[in-house]
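*Asks:* In UniProt numbering, the protein residues as written are 1 to 325. Virtual Cβ for every residue (Gly too), placed ideally from N, Cα, C. This structure is in structure tokens; I'll ask about it shortly.
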């Protein structure tokens with residue numbers, strides 16, 4: 001195990017998979033510029049810069065995947081994926097089914113998202129739920145460097161299209177990552193980051209750290225919070241969430257994306273359907289607003305869940321007095 005940032009873990013995963021499988025290649029907006037080491041190692045044919053044309057990048061990747069290659073495409077910011085929706089949703093997500101399984105579409109589309117960099121609404125929009133709603137597409141959004149490596153390698157090896165969202169605020173985060181080239185984290189397996197008995201806090205990406213900070217503050221008041229990191233939004237690890245809620249009796253889902261038809265709504269429905277008898281209070285959703293994210297740092301931070309908000313909502317749910325600021 002060695003310390004490395006999320007950005008370095010992504011680069012390591014790409015290097016290992018390109019070395020393991022000659023069919024893996026990387027292309028996108030600035031890919032060769034950002035990954036000069038990969039160009040030196042594997043050549044310009046396998047690490048390519050592209051024009052700023054997301055629909056063409058995604059369409060090319062779909063054709064390459066159907067031809068037997070395993071493309072990884074970098075579309076920079078997640079909102080730019082909306083330019084590539086036809087290729088990702090109507091082609092990559094559906095043609096395996098429409099072809100009766102004659103074609104596979106093993107491609108990974110990467111995009112950055114999340115607050116903390118003040119890049120404004122056209123560059124920052126958490127659209128992960130749009131793709132969770134898309135048949136035939138898998139969605140991953142890790143929170144720790146080791147998970148970025150293990151999940152990206154699993155995504156590259158998967159025979160289905162995988163949307164791999166990278167929270168901008170995590171790129172420089174450092175953690176211990178194994179150099180084992182066989183290290184893989186299966187898609188669809190959540191992680192429990194902190195064990196507790198009074199409430200289950202479920203989140204993903206950067207907001208996992210928000211929940212952990214809130215859990216530490218709650219512990220000072222004698223409240224034990226369990227924190228679940230989904231890591232993979234589709235497939236969703238229903239069992240880990242349900243087992244935790246059956247133990248604690250309470251659920252709060254926390255994420256930066258809008259709550260309207262989002263991941264939190266899906267989890268609320270899941271728990272209400274399959275673990276209703278275990279609930280000791282209403283399911284709480286703490287999410288971003290149904291509004292574009294502002295560029296202002298202060299307004300941006302006010303628009304997304306903060307640890308104090310999680311603490312206050314937990315105290316209210318438990319009926320405790322004197323919420324924290």
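Kindly indicate which three-state DSSP category residue 62 falls into: helix, strand or coil?
*Replies:* The sequence position of residue 62 within the chain shown is 62, counting from 1. When DSSP states are grouped into helix, strand and coil, residue 62 belongs to the helix group.
*Asks:* Identify which residue in 257, 255, 229 has its Cα closest to the Cα of residue 244.
*Replies:* On the chain shown, position 244 is the one that residue 244 refers to. The option with the nearest alpha carbon to residue 244 is 229.
*Asks:* Apart from the five residues just before and just after residue 324, which ones in its own chain have a Cβ nearer than 8 Å to its Cβ?
*Replies:* In the chain shown, the residue the question calls residue 324 occupies position 324. Any answer about residue 324 is weak, because its pLDDT of 45 lies below 50 and its placement is not dependable; what the coordinates show is given next. 217, 308, 311, 312, 315.
*Asks:* Between which two residues does the alpha helix (DSSP H) holding residue 154 run?
*Replies:* Here residue 154 corresponds to residue number 154 of the chain shown, with the count starting at 1. Taken as a continuous stretch (DSSP letters only), the alpha helix (DSSP H) holding residue 154 covers 145 to 157.
*Asks:* Output the boundary residues of the beta strand (DSSP E) element that contains residue 70.
*Replies:* As a working mapping, residue 70 is identified with position 70 in the chain shown. Taken as a continuous stretch (DSSP letters only), the beta strand (DSSP E) holding residue 70 covers 70 to 77.
*Asks:* What's the gap between the Cα of residue 84 and the Cα of residue 290?
*Replies:* For the purposes of this step, residue 84 is identified with residue 84 of the chain shown, where counting begins at 1. For the purposes of this step, residue 290 is identified with residue 290 of the chain shown, where counting begins at 1. So the alpha carbons of these two residues sit roughly 23 Å apart.
*Asks:* Would the beta-carbon of residue 252 fall within 8 Å of that of residue 212?
*Replies:* For the purposes of this step, residue 252 is taken as the residue at position 252 of the chain shown. For the purposes of this step, residue 212 is taken as the residue at position 212 of the chain shown. Not in contact: residue 252 and residue 212 (Cβ atoms no closer than 8 Å).
*Asks:* Using a 10 Å radius around the Cβ and a threshold of 16 neighbouring Cβ atoms, would you call residue 97 buried or exposed?
*Replies:* Position 97 of the chain shown, counting from 1, holds the residue named residue 97. Answer is exposed; the Cβ neighbour count stays below 16.
*Asks:* Exposed or buried, what is residue 276 when buried is set at 16 or more other beta-carbons lying within 10 Å of its beta-carbon?
*Replies:* Here residue 276 refers to the residue found at position 276 when the chain shown is read from its first residue. The residue is exposed, with fewer than 16 neighbouring Cβ atoms inside 10 Å.
*Asks:* By the three-class DSSP mapping on this structure, what secondary structure does residue 353 have?
*Replies:* Residue 353 cannot be examined here, being either before or after the span of the chain that is shown, 1 to 325.
*Asks:* Helix, strand or coil: how does DSSP classify residue 167 here?
*Replies:* Mapped onto the chain shown, residue 167 falls at position 167. Strand.
*Asks:* Can you grab the Cα-Cα spacing for the pair residue 242 / residue 40, in whole Å?
*Replies:* To locate residue 242, count along the chain shown from 1; it is residue 242. To locate residue 40, count along the chain shown from 1; it is residue 40. The alpha-carbon atoms of residue 242 and residue 40 are separated by roughly 47 Å.
*Asks:* What separation, rounded to the nearest whole angstrom, lies between the Cα atoms of residue 207 and residue 77?
*Replies:* The count along the chain shown starts at 1 and reaches residue 207 at position 207. The count along the chain shown starts at 1 and reaches residue 77 at position 77. Looking at the two C-alpha atoms, the distance is approximately 18 Å.
*Asks:* What I want to know is whether the C-beta of residue 163 ends up closer than 7 Å to one or more non-hydrogen atoms of the ligand MN.
*Replies:* Annotation note on the ligand MN: not contained in the displayed structure, which lists no ligands.
*Asks:* What do you reckon, are the CB atoms on residue 294 and residue 300 nearer than 8 Å?
*Replies:* Start at 1 with the first residue of the chain shown, and residue 294 comes out as number 294. Start at 1 with the first residue of the chain shown, and residue 300 comes out as number 300. Closer than 8 Å, so yes.
*Asks:* Just checking, does the segment 225 to 240 make contact with the segment 172 to 179 on the three C-beta pairs under 8 Å criterion?
*Replies:* Contact between the segment 225 to 240 and the segment 172 to 179 is not established, with fewer than three Cβ pairs separated by less than 8 Å.
*Asks:* Across the segment 97 to 109 and the segment 60 to 74, are there enough close Cβ pairs to call them in contact, namely three or more that are closer than 8 Å?
*Replies:* yes
*Asks:* By a C-beta neighbour count over all protein chains shown, 10 Å radius and 16 as the cutoff for buried, is residue 168 buried or exposed?
*Replies:* Translated into positions along the chain shown, residue 168 becomes position 168. So residue 168 ends up on the buried side.
*Asks:* Is DSSP giving residue 189 helix, strand or coil here?
*Replies:* Working through the chain shown from its first residue, we reach residue 189 at position 189. It is coil, neither helix nor strand.
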